[in-house]
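Each residue of the sequence shown is one higher than the one before, counting from 248 in my numbering.
Data block below; observations after.
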Amino acid sequence: MKYIFWLFFFFIFQSNLLSQSYSVSSYQKINDINGDFSGVLNNEDNLGVSIDEIGDLDGNGVNDIAVGAFSDDDGGLNRGAVWILFLDTDDNVISSTKISDTSGNFTGILDNEDRFGGAVSYLGDLNNDGLPELAVGADYDEDGGYWHGAVWILSLNNNGTVNSHSKISDTQGGFDGFINGDAIFGTDIVNIGDLNNDGVQDLAVGSRRDNDGGGNAGALWILFMNTDFTVGSWQKISSTSGGLGISFNFEDYFGGAVANIGDLNGDGVVDLAVGSYRDNDQNTNSGSVYILFMNSNGTVDSYQKISNLSGNFSFNLSQDAFFGESIDGVVDFDGDGKVEIIVGAMKQTNPTLSLQTGGFFLIELNADGTVSEDYFYSYGEHCFTGQLENGDLFGGSVSFLNLDSDNLKIAVGSYRDSENGNRKGAVWIINLGGINIEVSTIDPTICNVSDGEVIISGLNSNVNYTFTYELDSVASSITQVSNNSGELSIENLGAGNYTNISIEEVSSGCTDTLDAIVLTGAELSASIASVNPTSCNSEDGEITISGLSNNESYVVTYDFDSVATTVALTSNNSGALNIEDLGDGNYTNISIEEVSSGCTNTLDAIVLTGAELSASIASVNPTSCNSEDGEITISGLSNNESYVVTYDFDSVSTTVALTSNNSGALNIEDLGDGNYTNISIEEVSSGCTDTLDAIVLTGVELSASIASVNPTSCNSEDGEITISGLSNNESYVVTYELDSVATTVALASNNSGALNIEDLGDGNYTNISIEEVSSGCTDTLDAIVLTGAELSASIASVNPTNCNSEDGEITISGLSNNESYVVTYDFDSVATTVALTSNNSGALNIEDLGDGNYTNISIEEVSSGCTDSLDAIVLTGAELSASIASVNPTSCNSEDGEITISGLSNNESYVVTYELDSVATTVALASNNSGALSIEDLGDGNYTNISIEEVSSSCIIEFSLIALDCESDNQKCFTVKPFFTPNGDGVNDFWFLKPLGQNNICSYKLYLFNRYGKLIKVLTNTDSHWDGRYNGVKMPSNDYWYVVYYNNGDRDLTFKSHFALKY
């Protein structure tokens, strides 16, 4: 026997455990004995108290994380630390960097019990220097008071060490907000984008124990930042501030967590999610989350609460769940346009274990802040089987790591995990989405043997699984333990269709549905060939099946023209058998079965065809369009045989009986124009047939040409259409449409075979056809457009003599002499019509015109009705032409400066308007004999939007800016560089105040503006140099203005001036 052996088929698919893969597909724990983390953890370090994704810091294509350990004792008791963990694609740690009082190149001062690392937040590259910033909370920092708290901003190198740092607290970083009690400023931090649209990213900072409105009710600070990471201004949100309008209860801990959730309600302003994790809705300390819809000034426009009692939240939070202790956002996991956030509930009771292990929620939000869907994750929930203990505080911190197609990666802190020491802490990396399961198969070795196999890999190792399937609609199940590689082998399987396949992990109850599998034993390997009948009606055709076993019995089944037939045959010594005496037809559904083994094979269909006629067709057209002397010739036939020819003539069926001549050809004669289709021929003696190509017979039609002569003018009817190439002195009927109206004329051609259609006016002559009366022959001709000559006029203008005069003029020339015309135009969108007569030169004037836009100008000659459209005209009167100059005040506090405007008319009244530091002022003045006027008694400042109006004419001139400067620093504290050139050549690259002589510069703060008044830079004694850039971008060459507030040792002083930036 001969068989085909197909050994392996492989296929990989993604399983979806829920409607959008909300189950845990894999997880990795990271502590000092898991996840390849080699850092040293001590008891009570609390690794995982905070966590945030920090982008791909090391450039390996995988996002890395920052993890807080706020009870680390580097440098002193509970000073705290932050670990930078560099991850690989399997969520293991490649390497780590520790930032603390003694490591990571961090030089900030930490005190005992500061709890540095209580919060971490990735801020991005805030100052565009190529280094990302990480905000770190030190919530027990005592700058300014007990547990006032602080926020550190660290600029990181790509190895995780600190490049530079700054601090924001009650005493540092420009923050002057009132911290009310042991507020723990820095509980959580998030970048909220440029909320106030000043070009600088802003922050939100939680302060969960702030006493506004009650003991430890909590607060949130919106910090509007400067580019140097100091606070420019702030807005507090609490029971008493920021428009929230909520009376929190004692120790609600509003501000316990905060997340940027994007513009949820579509009003163009970013919105926030804020935790209040000791809220008592329904159960004590069950917790809540507030969705804050923000205004751009940092106040709250409206809010939506999510808790046991609010916001359409479906889960029942237990007592002391601490829901809202951690929050992160946002992704759109299922691609439905609604975003998801994650919210930690670090003491939520686990439904499976009945212990306070903690957990977290994946919550999808509606645009109004209510909950669309929510999913809870803890041990035994959504296929998560990571081992959790009572008090682990799983969910104490949460962070999205990345969304990749249908898979979502989340980092979760469990900072009191004690697997390898009391409260050392841990981090879990959890993947949601499809489980990758590889299924391979081994077919049975032969068609009736049960030694096939299904191998399932990609499972958890050494775990009990139940494999369920239906074989040919009969259900079966097998329970097995996976091996060390996470594989199951289901053996002793026979050929068949395995459907409704599922695999269930017994311990978790998680199931997956697999694709159907077909196992096939080796079948016969046969070949098929055929021999056609010798002619169209003979039954001497044959089908041969080879490649069989020698001298074996077989049953062959086939359909002949859809009729089933079965024959029993024996193969010969060569392993072949023949099915003989077959006629024309379709032999389909051919199968063969070996009687001894039951093995089968399905073979290709066979079409047997006897030889048919092989005829050729040709034609001769009728001699003219209505003649019936055309002919069709069919050749390549037998000589002197009888044939029946069938054809359709213009869709009418015709049959003729004819005999071929001695050359094997026959003629169908006396045929007229038309389509001859479905032509077939049958030889009467043999019944053999042939189908021939369609034939189109066409008599000769007319071949005419067309020409035209336009009317002599726009309203004349002396145009003409000439049709030539006709027979001489014949009668014709011409039909056409003029502007869609049909006309028919009967005409005779002349001796030259042409005819004329005369007395025609302007218009479109379409659908032109001509018919010769005697023959009925026709022709269709091209459309003709006749156009009479229109006016050809020119236009010119003279402007009014000044801005309010009406002595402007429009001249139209190129017209007929002394003719009447009507001119129409729009003046500043108002339609006007005037009747005028042209002069002896063929021109006319429209006079007494003022400033404005003259559009849609058209002219019509009254006598002929001919028209022309002309170009638009803009008339502009002359405005004032003046010059401006200034004299600076003699000192910074003097008001003896002056602005002079010259080039005006002598002894005229004027009104002058200007703005000084955005305050508008208007003065009425008269020019002197020299055409000048002066605005006196002015102090230093920017005088902008200056306009001068001449009262008598109302003509105006405007100037954008005049700056009056203080002339000198009378206290002699510093000198000023008049210009600098920041081109990177090492010479004069920075602008700064220079000390006078050998003295130090007095204590000062300098505000630097561009010429439009925008603040560009603030300089101080410690940050004293400007490099010519704003937000990292080079500023243009121009004048820049500054004001210096300084103290010379015994009093406060002010100095204002400007300098030039040049390249």
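Where a beta carbon is used, it is the ideal one built from N, C-alpha and C, also for glycine.
Q | Minimum C-alpha distance to L401 - residue among S882, D475, N779 and D615 | A | By one-based count along the sequence shown, residue 401 stands at place 154. It is D475 whose Cα lies nearest to the Cα of L401.
Q: For K594, write down the residues that DSSP places opposite it in a beta bridge.
A: Counting from one through the sequence shown, the residue named residue 594 turns up at place 347. Note: K594 sits in no beta bridge, so no partner.
Q. When burial is assigned at 16 or more other CB atoms within 10 Å of the CB, is A430 buried or exposed?
A. For the purposes of this step, residue 430 is taken as the residue at position 183 of the sequence shown. Counting Cβ neighbours within 10 Å, A430 comes out buried, since at least 16 surround it.
Q: Go through its chain and collect everything with a Cβ distance to L1345's Cβ below 6 Å, but skip five positions before and after it.
A: Residue numbering for the chain in the displayed model covers 248 to 1310; residue 1345 lies beyond these limits and cannot be assessed.
(Q) Taking 8 Å as the threshold (C-beta atoms), are I953 and I1031 in contact? (A) For this step, residue 1031 is matched to residue 784 along the sequence shown. For this step, residue 953 is matched to residue 706 along the sequence shown. Pairing I1031 with I953 gives a Cβ-Cβ distance under 8 Å.
Q) According to the neighbour-count rule (16 or more other Cβ atoms, all chains shown, within 10 Å of its Cβ), is V1166 buried or exposed? A) The residue given as residue 1166 occupies position 919 in the sequence shown. When all chains shown are included, V1166 counts as exposed.
Q) What residues are listed by DSSP as bridge partners for W1273? A) Here residue 1273 corresponds to residue number 1026 of the sequence shown, with the count starting at 1. For W1273, which the question treats as bridged, DSSP gives the partners W1238.
Q.
Please identify the residue among T1228, I341, F317 and N1064 whose C-alpha is closest to the C-alpha of N359.
A. Against the sequence shown, residue 359 aligns to sequence position 112. If we check each option's Cα against that of N359, F317 comes out closest.
Q: Spatial neighbours of G616 within its chain, please: CB distance less than 6 Å, with the 5 preceding and 5 following residues excluded, ordered by chain position.
A: As a working mapping, residue 616 is identified with position 369 in the sequence shown. Cβ neighbours of G616 beyond the five flanking positions: I538 and Q551.
**Q.** Sequence-distant residues of its chain with Cβ nearer than 6 Å to G668 (five each side left out)
**A.** Start at 1 with the first residue of the sequence shown, and residue 668 comes out as number 421. Within the same chain, G668 has close Cβ partners N290.
Q) Would I725 be called buried (16 or more neighbouring beta carbons within 10 Å of its own) or exposed? A) The residue labelled residue 725 in the question sits at position 478 within the sequence shown. Its Cβ having fewer than 16 others within 10 Å, I725 is exposed.
Q: Throw me the rounded Cβ distance for the A763 and Y745 pair, which I believe falls under 8 Å.
A: Reading the sequence shown from its first residue, position 516 is the one you call residue 763. Reading the sequence shown from its first residue, position 498 is the one you call residue 745. Their Cβ separation, rounded to whole angstroms, is 6 Å, which keeps A763 and Y745 in contact under 8 Å.
Q: Go ahead and label E572 buried or exposed: buried means 16 or more other beta carbons lie within 10 angstroms of its beta carbon, across all protein chains shown.
A: If you number the sequence shown from 1, residue 572 lands on position 325. E572 is classed as buried because its beta carbon has at least 16 other beta carbons within 10 Å across all chains shown.
Q. Of the choices S272, E1197 and A1171, whose alpha-carbon is the least far from that of I684?
A. In the sequence shown, residue 684 corresponds to position 437, counting from 1. The option with the nearest alpha carbon to I684 is S272.
**Q.** Meets three-Cβ-pair contact criterion under 8 Å: the stretch 701 to 719 and the stretch 749 to 759
**A.** As far as the Cβ criterion goes, the stretch 701 to 719 touches the stretch 749 to 759, which means the pair count is three or higher.
Q | Inter-residue spacing [alpha-carbon to alpha-carbon] between E1162 and K1303 | A | In the sequence shown, counting from the first residue as 1, residue 1162 sits at position 915. In the sequence shown, counting from the first residue as 1, residue 1303 sits at position 1056. Taking the straight line joining both Cα atoms gives about 18 Å.
Q. With a CB to CB cut of under 6 Å and the five nearest residues on each side skipped, what residues in its chain are close to L635?
A. Along the sequence shown, one-based indexing puts residue 635 at 388. Within its own chain, the residues whose Cβ lies closer than 6 Å to the Cβ of L635, once the five positions on either side in sequence are excluded, are T604, Y626 and F641, listed in chain order.
Q | Proximity below 8 Å, CB of I1195 to CB of V1159 | A | As a working note, residue 1195 is residue 948 in the sequence shown. As a working note, residue 1159 is residue 912 in the sequence shown. Yes, the pair counts as a contact, with Cβ atoms nearer than the cut-off.
**Q.** Which listed residue (T349, W481, N527 and E300) has its alpha carbon closest to that of G323
**A.** Position 76 of the sequence shown, counted from the first residue, corresponds to residue 323. Check the Cα spacing between G323 and each of T349, W481, N527 and E300: the tightest is with T349.
Q. Are at least three pairs of beta-carbons, each pair with one atom in the stretch 955 to 964 and one in the stretch 1008 to 1017, less than 8 Å apart?
A. The stretch 955 to 964 vs the stretch 1008 to 1017: in contact.
Q. Is the distance from the Cβ of L824 to the Cβ of L855 below 8 Å?
A. Your numbering for residue 824 matches position 577 in the sequence shown. Your numbering for residue 855 matches position 608 in the sequence shown. By the CB criterion at 8 Å, L824 and L855 fall outside the cutoff.
Q) What is the DSSP secondary structure of M1282, reduced to helix, strand or coil? A) Here residue 1282 is taken as the residue at index 1035 of the sequence shown, counted from 1. Looking at M1282 - three-state DSSP - the assignment turns out to be coil, as it is neither helix nor strand.
**Q.** For I610, the three-state DSSP class (helix, strand or coil)
**A.** Walking along the sequence shown from the start, residue 610 turns up at place 363. Judged by DSSP in its simplified three-state form, I610 adopts strand.
Q) In this structure, does DSSP put W675 in helix, strand or coil? A) Locating residue 675 in the sequence shown gives position 428, where the first residue counts as 1. Reduced to three states, the DSSP call for W675 is strand.
(Q) Buried or exposed for H1272, going by 16 or more other Cβ atoms inside 10 Å? (A) Translated into positions along the sequence shown, residue 1272 becomes position 1025. Exposed is the call here.
(Q) At the level of alpha carbons, what is the spacing between L1096 and P1283? (A) Residue mapping note: residue 1096 aligns to position 849 of the sequence shown, counting from 1. Residue mapping note: residue 1283 aligns to position 1036 of the sequence shown, counting from 1. Roughly 45 Å between the two C-alpha positions.
Q. Would you report the Cα separation of T758 and D372, rounded to the nearest angstrom?
A. Within the sequence shown, residue 758 is the residue found at index 511, counting from 1. Within the sequence shown, residue 372 is the residue found at index 125, counting from 1. For T758 and D372, the distance between alpha carbons rounds to 44 Å.
Q. Taking C-beta to C-beta, are Y890 and I928 nearer than 8 Å?
A. The count along the sequence shown starts at 1 and reaches residue 890 at position 643. The count along the sequence shown starts at 1 and reaches residue 928 at position 681. For Y890 and I928, yes; Cβs fall inside 8 Å.
Q: State the CB to CB distance for the pair I853 and I792, rounded to an integer number of angstroms; the pair is presumed to be in contact (CB under 8 Å).
A: Taking the sequence shown and counting its residues from 1, the one referred to as residue 853 is at position 606. Taking the sequence shown and counting its residues from 1, the one referred to as residue 792 is at position 545. No, I853 and I792 are not in contact; Cβ-Cβ is about 10 Å, not under 8 Å.
Q: Give the DSSP-derived three-state secondary structure of N799 in the structure shown.
A: For the purposes of this step, residue 799 is identified with residue 552 of the sequence shown, where counting begins at 1. As written in the sequence, residue 799 is Glu, which differs from the Asn given in the question. It is coil, neither helix nor strand.
Q) What are the uninterrupted segments assigned as beta strand (DSSP E) that are 3 or more residues long and contained completely in the stretch 322 to 392, given in chain order? A) Runs of the beta strand (DSSP E) inside the stretch 322 to 392: 328 to 334, 340 to 346, 363 to 371 and 380 to 385.
**Q.** Rounded Cβ spacing between V1265 and K1252 (contact assumed at less than 8 Å)
**A.** Taking the sequence shown and counting its residues from 1, one reaches residue 1265 at position 1018. Taking the sequence shown and counting its residues from 1, one reaches residue 1252 at position 1005. Under the criterion of beta carbons closer than 8 Å, V1265 and K1252 qualify as touching, at roughly 7 Å.
Q. Taking the C-alpha atoms as reference points, what is the distance between G606 and D526?
A. Numbered from 1 along the sequence shown, position 359 holds the residue referred to as residue 606. Numbered from 1 along the sequence shown, position 279 holds the residue referred to as residue 526. Approximately 17 Å between the Cα atoms of the pair.
Q: Tell me Y1190's beta-bridge partners as DSSP assigns them.
A: Residue numbering aside, residue 1190 sits at position 943 when the sequence shown is read from its first letter. Answer by DSSP bridge pairing, in chain order: L1163 and I1209.
Q: Could you please give the first and the last residue of the uninterrupted beta strand (DSSP E) stretch that includes V478?
A: The residue given as residue 478 occupies position 231 in the sequence shown. Run containing V478: V478 to I484, per the beta strand (DSSP E) assignment.
Q: Ignore the nearest five residues each way along the sequence and tell me which others in I1057's own chain have a CB closer than 7 Å to its CB.
A: Walking along the sequence shown from the start, residue 1057 turns up at place 810. So the qualifying residues of the chain are I1042, S1044, I1093, L1096, Y1101 and I1120.
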